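Going down the list, the protein sequences come from chains A and B.
Here the first sequence stands for residues 881 to 1183, where the numbers follow the working numbering.
Here the second sequence stands for residues 2 to 219, where the numbers follow the working numbering.
Quick reminder that beta carbons are idealized off the backbone N, C-alpha and C, glycines included.
Just so we're clear, the structure is a prediction, and the values are computed from it rather than from any experiment.
Okay, so here's the structure we're looking at.
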Amino acid sequence: MNSKNETTVLFDALGPKGRRNANIAAIASAVVILGVLGWVAYVLYGEGFFESSRWVNPLDALVVETTWIPAIVNTLVAFALGSLVALVLGVFIGFGRISRFLPTRAASTVYVQFFRSLPLVLLIWVSFTIDGHFGFTTDTLGWSGEARRLTFLVLGLGIYNAAILAEILRAGVNALPPGQAMAGQAIGLRHGQVQRLIVLPQVLRNMLPAVLAQLVILLKDTSLGYVITYPELLHSANIIGRDYSNSFLQALIIAALIYFAMAYALSKVVVFAERRMRKKTAAPKAAAQLESVVAGGTAGTVV
Amino acid sequence: MFDNFDLMIEALGAGMWTTVWVTLTSYAIALVIGMVLVVMHVSPAFPARWAANAYTQLFRNVPLLAVLFIMYFGLPKVGIVADNWVWALLGLGMYTGAFVGETMRSGINSIPLGQSEAARSLGLTFGQSLSSVILPQSVRAVIPPLGSLLIALVKNSALVLAIGVPELTARSRRLIEDTQSRFDLWGVIICVTVGYLLIAFVLSYLVRIAEKRTAFVR
């Protein structure tokens, strides 16, 4: 929609010659793109990429039942628990950053700055490695290996994304018109009550698109469970690929497509939430401010 | 705690250097890909727009690790073989390129319509209004988010350890799993953390300088 507006202003409306040129450009680019795709397909065909057995074998009913479905479930479990930890921790730290109590503010700021600059894969792997260096291990709790791996994957995902969600929430608090908090104080609410009853609900609703966009990234990041051999989707695809070594590439592509479907569905929810929010938000200025925050948030938090 | 300190610093320093140059090289690739995507996005030829859109959606919704695996472990199965360095740079670059493209596009869209209307009504041609009115403003709008993409790329570059590129995380992992256990776990963890914080601080300092250099004088 935006690019259309832009073209109508930036370009003159095309005349007959311009339209002809545009059509020629469209056809030429279509030929180039189809040519490249066709050449790739031809090369892949020559290597037997499209042989049906290579696609059917890793999708055997038994494999689907014993590996693909548990893998998807494991990925979704890690995603759900990870986002729960990240959201709860993120709310506390986000509000800690604007606390009136200096030590809380300082600690939250250090937390955010620290964990935002470390790679998630390092966090997951370090927390998995230092287990047992605190005098007790999760082994003594009688946990299975898989539960242990899940715990550390969720911890890593939660700790890292909490730092980013905290920043998103803080931006949301700053974007909220100050009159809201003032009105709360005017009717005699204490500071904590203002934050809990007035600021937090509005911020959560306003920042929903940005938060959901970050959760899409968290979903993709569950694939990092690979480094601690948590049996999530990518890890399982690797195992299947090793069993059917002719279908290694195919198994990875199937996994990528499943990730794509899940992330794409979730990002559609983001678009839906954005549209709903724009309808519900009365103040257009706040919405516009928010949009820039959302754009910055989604662009700035790629992992 | 810091047993064999010199050995550790030597190994981690090499890893840090790898992280930095992998990051910067793949960022250069990402910038080129992003620019191509922007041109395709605003071009009047619709197949080009569709292709750019498909590319962006694909790389935004598939995990980077899956991309790297498909390239390094998958493609040799169809006869496409290259070094892990090549795939690391290409994978990081292509993945980040999709995000760079989106950022640049939103930079162009963030310039109020009135600006291009004003330029057009002054009688500037499309090329003139783009080069002397729209682009100078959008470049400034785009530098901060491009900077945060660079910082994110530092963190993403740790993923290339999965295809055997010895960057900072991979090196620290090797130190801890050292068979003669010459290195203390906590010492390595502290050093690798400091390494990443250093890279992040230096880069964000440079980004801030770039922001200031290009800022409007209002």
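| Query | Result |
| --- | --- |
| Along the chain, where does the alpha helix (DSSP H) that runs through B:Phe100 open and close? | Asn85 to Asn110 |
| Listing by chain order, which chain A residues have their CB less than 7 Å from the CB of B:Thr194? | Leu998 |
| If you reduce the DSSP assignment to three classes, tell me which class B:Asp185 lands in. | coil |
| For my contact list, B:Leu222 and B:Val193 are in at a C-beta cut-off of 8 Å; report their separation, rounded to the angstrom. | It is not possible to answer for residue 222 of chain B, since the shown part of chain B is limited to 2 through 219. |
| Could you tell me which chain B residues have their CB closer than 7 Å to the CB of A:Lys1100, listed as they occur along the chain? | Pro64 |
| My understanding is that B:Leu1 touches A:Ser1147, with C-beta atoms under 8 Å, so please give their C-beta distance in whole angstroms. | Residue 1 of chain B cannot be examined here, being either before or after the span of chain B that is shown, 2 to 219. |
| Please report whether the beta-carbon of B:Leu160 lies at a distance below 7 Å from any beta-carbon of chain A. | yes |
| Excluding five sequence neighbours on each side, which residues of the same chain lie with their C-beta closer than 8 Å to the C-beta of B:Glu11? | none |
| Taking only beta-carbon positions, decide if B:Ala46 is within less than 7 Å of chain A. | yes |
| What is the rounded straight-line gap between the Cα of A:Leu1002 and the Cα of B:Leu154? | 14 Å |
| Check whether chain A comes within 7 Å of B:Ile34, counting only Cβ atoms and requiring the distance to be less than that. | no |
| What number of angstroms, rounded off, separates the C-alpha of A:Ala987 from the C-alpha of A:Phe972? | 12 Å |
| Indicate whether at least one CB of chain A lies closer than 7 Å to the CB of B:Val208. | no |
| Please confirm whether B:Gly220 and B:Asn85 have their CB atoms less than 7 Å apart. | The structure shown does not extend to residue 220 of chain B, since chain B spans only 2 to 219, so no value can be given for it. |
| If contact means a Cβ-Cβ distance below 7 Å, which residues of the region 903-929 of chain A contact chain B? | Ala905, Ala906, Ser909, Ala910, Ile913, Leu924, Glu927 and Phe929 |
| For A:Met1087, which three-state DSSP category applies? | coil |
| Could you have a look at A:Asn954 and say whether DSSP puts it in helix, strand or coil? | helix |
| So which residues on chain A does B:Lys156 lean against when the C-beta distance must stay under 8 Å? | Ser997, Leu998, Pro999, Leu1000 and Val1183 |
| Quick one: does B:Tyr56 have its CB under 7 Å from some CB of chain A? | no |
| Check the C-beta distance from A:Ile1120 over to A:Pro938 and give it rounded, since I have them as a contact under 8 Å. | 5 Å |
| Let me make sure I understand the geometry here. Which of A:Val944, A:Ser909 and A:Gly918 has the alpha-carbon closest to that of B:Pro48? | A:Ser909 |
| Spell out a yes or no on whether the region 51-59 of chain B and the region 117-127 of chain B are touching, meaning 3 or more CB-CB pairs, one atom from each, closer than 8 Å. | no |
| When DSSP labels each residue in this structure, what does B:Leu125 get in the three-state scheme? | coil |
| Please list, in chain order, the chain A residues whose beta carbon lies closer than 7 Å to that of B:Lys1. | With chain B covering 2 to 219 only, the question about residue 1 of chain B has no answer from this structure. |
| Could you list which residues in chain A have their beta carbon closer than 7 Å to that of B:Ala201, in chain order? | Ser997 |
| Please list, in chain order, all residues of the same chain as B:Lys213 whose beta carbon is under 8 Å from its beta carbon, the five residues on each side excluded. | none |
| Kindly indicate the opening and closing residues of the alpha helix (DSSP H) around A:Trp1005. | Leu1000 to Thr1009 |
| Using a Cβ cut-off of 8 Å, pull out every chain A residue sitting near B:Arg174, in sequence order please. | Trp1005 |
| Would you kindly report the start and end of the unbroken alpha helix (DSSP H) that includes A:Arg934? | Ser932 to Val936 |
| Over the uninterrupted alpha helix (DSSP H) stretch that includes B:Arg175, give me the two end residues. | Leu169 to Ile177 |
| Look up A:Ile1120 in the DSSP assignment and say whether it is helix, strand or coil. | helix |
| Please list the residues of the region 16-34 of chain B that have a C-beta atom closer than 7 Å to any C-beta atom in chain A, keeping them in chain order. | none |
| Of all the CB atoms in chain A, is at least one closer than 7 Å to the CB of B:Leu123? | no |
| Have a look at A:Leu1035 and A:Gln1094 and give me their C-alpha separation to the nearest angstrom. | 16 Å |
| Classify A:Phe929 as helix, strand or coil using the three-state DSSP reduction. | coil |
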